[in-house]
Amino acid sequence: MNIVEQVKEQLKAEIAQAIEKAGLAAAGEIPAIILETPKEKEHGDFAANIAMQLARIAKKAPRAIAEEITEHLDKSKASIEKMEIAGPGFINFFLDNGYLRELIPAVMEADQSYGCSEFGNNQKVQVEFVSANPTGNLHLGHARGAAVGDSLCNILEKAGYDVTREYYINDAGNQINNLAYSVEARYFEALGKEASMPEDGYHGEDVRQFGKELADTYGDRFIDTPEEERLAFFREYGLKREMEKLKQDLHDFHVDFDVWFSETSLYEEGKVEETLQLLREKEEVYDQDGAVWFRSTTYGDDKDRVLVKSDGSYTYLMPDIAYHKNKFERGFAKVINIWGADHHGYIPRMQAAVQALGYQKNQLETQIIQMVNLYENGERVKMSKRTGKAVTLRDLMEEVGIDATRYFFAMRSADTHLDFDLSLAKSQSNENPVYYVQYAHARLSSIFRQASEKGFSFDPNADLTPIASEKEYDLLKKIGEFPEAVALAADKYAPHRMTTYLHELASVFHSFYNAERVVDPEDEKKTKARLALVKAVQITLRNGMKMLGVSAPEKM
RNA sequence: GCCCUAGUAGCUCAGAGGAAGAGCAACAGCCUCCUAAGCUGUAGGUCACAGGUUCGAAUCCUGUCUAGGGCGCCA
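Counting in our numbering, the first sequence runs from 121 upward without gaps.
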């Protein structure tokens, strides 16, 4: 708990005591006291709505209650400077903000771990995200999922969870057979032979490239090999190359996984069969029309779902249930899936499956990444997956850059449709929100360069008493909110709360920067104190940007 | 038809019981001074609509309208 939270707790305790002393309510009747940080400056440093909440218990008008609370409050104990009753019965507290200075050494001490909290109690959490089929390039939707997923993982880690990042490789289904056929077709094509793409083939440039590679390396060697053998080779080759590409693209996007989980491994280890057997024993499945059905309606799904088709093969759901069983067996208290919007109808059946396996419904959390529409110069950019004509993650990184792409995706709540404005993201101007935050960091760095040029050395033990202006306190308040902001973002699975926070922090800093001078050769004492303050800002900003996978430039 | 998302300033979006918010765009100012990719100020709103719950609703409930998406023995 940092000093801001301590002061808040103290103030809450004093309010509770005042309520008792005034005889407004007995100790057991007092509702949880909430202190808000008002948006408006005129509403003080903290505001309490307790008087309104007590209206019914005390059977008095809220403003009268507020009056009595303030009369019985021990101002000396909670560094209260002034109290005002406002609106329907808010009590606005104006504090002596000197205590905020204590944040500076605390932030410097914590350094890279500033922002961490015990919120997650070291609970084991698994986040599965991206998990795109290894059959082509990562497109816009995957890019959004990667940015949101990775940022969420960083946030969860900072909030005190033990996080595993996982990618589920769909390397067992039909789509891999189609990949093999597609590679084959491109291979023949590269050799100048007649070749036709399968109905559901993959038309991407990458697959064409693989065909060329194979033709260059092996010549016409595969033309006479038996089809089965040839396809097996192409399948392996295609999968290997696709995975290399995926990993590289994601890595370059600053997204790395702890576990790459192969669907095939579930089959090889008999996990799929084992899971089906378990469901049968638990009488969660039944046979009908030659197929095996999962009674998902027991757990609120619209209809029962087929697990084994009448031709004996599994549906997609079956290995996926086995996969989730495996997740929980690895000891994760919570499993978070980040899925594309096209999977959203799939949530109820997966939740049903988790319950059928004997786990709690809320142990599985599914976040949906909504659709991304691309705009350029005000025009909607049309994309077609079939022809492989789609904007890829790689395109975005090259055209827009990693920082802007990651920031843009992290900026909006994930479960709403996103209009991605390419022109805006590419523009090197103040219209682009990512620069606002980065510029703040560059300015901070510049201050330290200037300071050292002018002979000031940064002193972590500087006397901080010169820090006393409103702008400085505003900065410190914002810095003090950081761990709470991280924990809240973790609690709501909402990375976009971090971009909001960083924007606010940058804004308070820019405002301070314009109003006050840090490096002042005339006043060494003040300069040293402010350098320490500004160092705390820099640490906070940098930690936040790192969570979003955005770089913190020294110069711009 | 059923289910999910959304509808808040001109535009893009936060806010999810407590005092209507940000960025961009518009308008008016600010660089002899640590980076003007910045700052300061002005203007801009029936929070889609109608009911309900509450001391209090953009926020919760019910219904309606509009937009997008999902509803396979595909993955």
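Backbone N, C-alpha and C define an ideal beta-carbon position, used for all residues, glycine too. Since this is a predicted model, take the numbers as computed values, not measurements.
#### Entry: valine 670 versus Thr525, Tyr593 and Leu625, residue with shortest Cα-Cα distance
When C-alpha distances from valine 670 are compared across Thr525, Tyr593 and Leu625, the shortest belongs to Thr525.
### Query
Between alanine 136 and valine 501, what straight-line distance do the alpha-carbon atoms span, to the nearest angstrom?
Between alanine 136 and valine 501, the C-alpha separation is close to 58 Å.
### Task
State the start and end residues of the unbroken beta strand (DSSP E) segment that holds aspartate 541.
Where aspartate 541 is concerned, the enclosing beta strand (DSSP E) stretches over 538-541.
### Query
By a C-beta neighbour count over all protein chains shown, 10 Å radius and 16 as the cutoff for buried, is proline 232 buried or exposed?
Strictly speaking, residue 232 in this sequence is glutamine, with proline absent from that position. By the neighbour-count rule (16 or more Cβ atoms within 10 Å), glutamine 232 is not buried but exposed.
### Message
Between the alpha carbons of isoleucine 139 and isoleucine 189, how many angstroms are there, rounded?
### Response
Isoleucine 139 and isoleucine 189 have their alpha carbons spaced roughly 6 Å apart.
### Task
Look at the alpha carbon of serine 566 and the alpha carbon of proline 318, and state the distance between them as a whole number of angstroms.
The straight-line gap from Cα to Cα measures roughly 58 Å.
### Task
Give the single residue among Gln295, Ala292, Ile224 and His323 whose Cα lies nearest to the Cα of tyrosine 307.
Among Gln295, Ala292, Ile224 and His323, the Cα nearest to that of tyrosine 307 is on His323.
### Query
How close, in whole Å, do the beta carbons of isoleucine 489 and arginine 264 come, if the pair is a contact with beta carbons under 8 Å?
Your pair isoleucine 489 and arginine 264 checks out as a contact, with CB atoms roughly 5 Å apart and the cut at 8 Å.
### Query
If isoleucine 296 and arginine 355 are in contact, beta carbons under 8 Å, what's the gap, nearest whole angstrom?
Isoleucine 296 to arginine 355, Cβ: 6 Å. Contact.
### Span of the alpha helix (DSSP H) around tyrosine 287
That residue, tyrosine 287, is in no alpha helix (DSSP H); its beta strand (DSSP E) goes 282-289.
### Message
So, for alanine 672: in the same chain, excluding its five sequence neighbours on each side, which residues have a beta-carbon less than 6 Å away from its beta-carbon?
### Response
His561, Arg662 and Met665, listed in sequence order.
### Message
On the DSSP letters alone, give me the boundaries of the alpha helix (DSSP H) that isoleucine 185 sits inside.
### Response
Start and end: 182-192.
### Distance CB(alanine 610)-CB(lysine 278) smaller than 9 Å
At a Cβ-Cβ threshold of 9 Å, alanine 610 and lysine 278 count as neighbours.
#### Entry: Minimum C-alpha distance to proline 254 - residue among Phe342, Lys202, Met363 and Val268
For proline 254, the nearest C-alpha among the options comes from Met363.
### Query
Where are the beta strand (DSSP E) runs, 3 residues long or more, that stay fully inside the region 436-514, in chain order?
Counting only runs of 3 or more, we get 454-460, 484-489 and 492-496.
### Query
Is the beta carbon of lysine 197 less than 9 Å from the beta carbon of phenylalanine 213?
With contacts defined as CB atoms closer than 9 Å, lysine 197 and phenylalanine 213 fail to qualify as a contacting pair.
### Query
So is valine 379 buried or exposed if we call it buried at 16+ other beta carbons inside 10 Å?
Exposed.
### leucine 155 - partner residues in DSSP beta bridges
Residue pairing from DSSP places leucine 155 in a beta bridge opposite Ala168.
### Query
Curious, which full-length beta strand (DSSP E) runs of at least 3 residues does the region 216-272 contain?
Secondary structure in the region 216-272: the beta strand (DSSP E) runs of 3 residues or longer, each lying completely within the stretch, are 244-248 in chain order.
### Query
Taking C-alpha atoms, which residue in Lys645, Asp422, Ser549 and Tyr621 lies nearest to glutamate 676?
Here residue 676 is methionine; the residue named in the question, glutamate, does not match the sequence. Considering only alpha carbons, the answer is Ser549.
### Message
At a threshold of 8 Å, does serine 533 count as lining the ligand FAD (C-beta to nearest heavy atom)?
### Response
What this structure holds is no ligand at all, so the ligand FAD is not there to describe.
### Message
Tell me which residues share the same chain as aspartate 535 and place their Cβ nearer than 6 Å to its Cβ, disregarding the 5 neighbours each side in the sequence.
### Response
Residues of the same chain with a CB within less than 6 Å of the CB of aspartate 535, apart from the 5 flanking positions on each side, are Ile488 and Gln490 in chain order.
### Message
Can you tell me whether arginine 425 is helix, strand or coil according to DSSP?
### Response
Arginine 425: strand per DSSP, three-state reduction.
### Message
Buried or exposed, going by whether 16 or more other CB atoms sit within 10 Å of the CB of serine 271?
### Response
Burial call: buried.
### Query
Name the DSSP beta bridge partners of valine 412, please?
By DSSP's assignment, valine 412 forms a beta bridge with Asp407 and Val428.
### serine 316: first and last residue of the uninterrupted beta strand (DSSP E) it sits in
Note, serine 316: premise wrong, no beta strand (DSSP E); not H, not E.
### Query
Taking Cβ to Cβ, would you say leucine 223 is nearer than 9 Å to leucine 608?
No, the pair does not count as a contact, with Cβ atoms beyond the cut-off.
### Message
Once DSSP output is grouped into helix, strand and coil, what is the label at alanine 614?
### Response
Alanine 614: coil per DSSP, three-state reduction.
### Task
Spatial neighbours of valine 628 within its chain, please: CB distance less than 6 Å, with the 5 preceding and 5 following residues excluded, ordered by chain position.
Spatial neighbours of valine 628 in its own chain (CB-CB distance under 6 Å, excluding positions within 5 residues in sequence) are listed in chain order as Asp594, Leu595 and Lys598.
### Task
Classify serine 518 as helix, strand or coil using the three-state DSSP reduction.
One point to set straight first is that residue 518 is glutamate, not serine, in the sequence displayed. Shown here, glutamate 518 sits in a helix according to DSSP, grouped into three states.
#### Entry: Buried/exposed call for glutamine 558, threshold 16 Cβ in 10 Å
Taking all protein chains shown into account, glutamine 558 has 16 or more neighbouring C-beta atoms within 10 Å of its C-beta and is therefore buried.
### Query
Going by beta carbon distance, what residues of the same chain come within less than 6 Å of valine 375, once the five residues before and after it are set aside?
Once the five neighbours on either side are set aside, the close Cβ partners of valine 375 are Ala266 and Asp270.
#### Entry: Check whether isoleucine 587 and arginine 221 have beta carbons under 9 Å apart
For isoleucine 587 and arginine 221, yes; Cβs fall inside 9 Å.
### Query
Looking at C-alpha atoms only, which residue of Glu642, Val554 and Leu427 is the closest neighbour of methionine 531?
Out of Glu642, Val554 and Leu427, Val554 has the C-alpha closest to the C-alpha of methionine 531.
### Paired residues, beta bridge with phenylalanine 632 - DSSP
Phenylalanine 632 pairs with nothing; no bridge assigned.
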